[in-house]
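*Asks:* Can you keep this structure in mind? I'll have questions shortly.
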Amino acid sequence: QDLNSKAAKDQLSVDDIVGPTFGINDAGVAGGMLSTSIVNPPQSAVMGTNAITQRAVAVDGKAAARPVMYLSLTYDHRLIDGREAVTFLCSVRDKMQDPARLLIDL
Numbered sequence: 593q594d595l596n597s598k599a600a601k602d603q604l605s606v607d608d609i610v611g612p613t614f615g616i617n618d619a620g621v622a623g624g625m626l627s628t629s630i631v632n633p634p635q636s637a638v639m640g641t642n643a644i645t646q647r648a649v650a651v652d653g654k655a656a657a658r659p660v661m662y663l664s665l666t667y668d669h670r671l672i673d674g675r676e677a678v679t680f681l682c683s684v685r686d687k688m689q690d691p692a693r694l695l696i697d698l
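Here's what the structure looks like:
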């Protein structure tokens, strides 16, 4: 039986839900700029990182080249609320942009 049918019949066991729950996929190592990772059971979510490239961004109203890396988060909406997922992803982004935040736990 697959996990969906076992869950629908309320027959999931502990063995069915053990293992990794979160994954990280690095498409950037192969030069990927944008990617969407696939959640593989028993994972509930996977974060994708991509290549860091110079991109045009607005700085004080002017265009400037800055290093940019796109992040993605794919998650099982049955398990994780969208608001919580976005809050997590924004927290990761903020800490990557300013690593000092790790030291002061912001």
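Per this note's numbering, residue 593 is the first one in the sequence shown, and the count goes up by one each step. Yeah, the Cβ is synthetic: ideal placement off N, Cα and C, and Gly gets one too.
(1) Within 10 angstroms of the Cβ of Gly-611, are there 16 or more other Cβ atoms? Answer buried if so, exposed if not.
(2) Which whole-angstrom value is the C-beta distance of Met-639 and Leu-665, which I expect to be below 8 angstroms?
(3) Look up Arg-670 in the DSSP assignment and say whether it is helix, strand or coil.
(4) Should the region 624-636 be called in touch with the region 668-686, which here means at least 3 C-beta pairs below 8 angstroms?
(5) What is the DSSP secondary structure of Asp-686, counted as helix, strand or coil?
(6) From Ala-650 to Ser-627, what distance separates their C-alpha atoms?
(7) Determine the DSSP secondary structure at Ile-696, reduced to helix, strand or coil.
(8) What residue does the alpha helix (DSSP H) around Asn-596 start on, and which one ends it?
(9) Looking at the unbroken beta strand (DSSP E) that takes in Asp-618, where does it start and where does it end?
*Replies:* With the structure as the only source:
(1) By 1-based counting over the sequence shown, the position of residue 611 is 19. In summary, Gly-611 is exposed, with fewer than 16 beta-carbon neighbours lying within 10 Å of its beta-carbon over all protein chains present.
(2) Counted from its first residue, the sequence shown places residue 639 at position 47. Counted from its first residue, the sequence shown places residue 665 at position 73. Yes, Met-639 and Leu-665 are in contact; Cβ-Cβ is about 5 angstroms, under 8 angstroms.
(3) By one-based count along the sequence shown, residue 670 stands at place 78. Note: Arg-670 maps to coil in three-state DSSP.
(4) The region 624-636 and the region 668-686 touch, with no fewer than 3 CB-CB distances between them shorter than 8 angstroms.
(5) Stepping through the sequence shown from its first residue, residue 686 is reached at position 94. Asp-686 falls in the helix class under three-state DSSP.
(6) To locate residue 650, count along the sequence shown from 1; it is residue 58. To locate residue 627, count along the sequence shown from 1; it is residue 35. Rounded to the nearest angstrom, the two C-alpha atoms are 24 angstroms apart.
(7) Mapped onto the sequence shown, residue 696 falls at position 104. Secondary structure at Ile-696: helix, using DSSP grouped into helix, strand and coil.
(8) Numbered from 1 along the sequence shown, position 4 holds the residue referred to as residue 596. Counting along the chain, the alpha helix (DSSP H) containing Asn-596 begins and ends at 595-600.
(9) Along the sequence shown, read from residue 1 onward, the residue named residue 618 stands at position 26. Asp-618 -> beta strand (DSSP E) spans 614-618.
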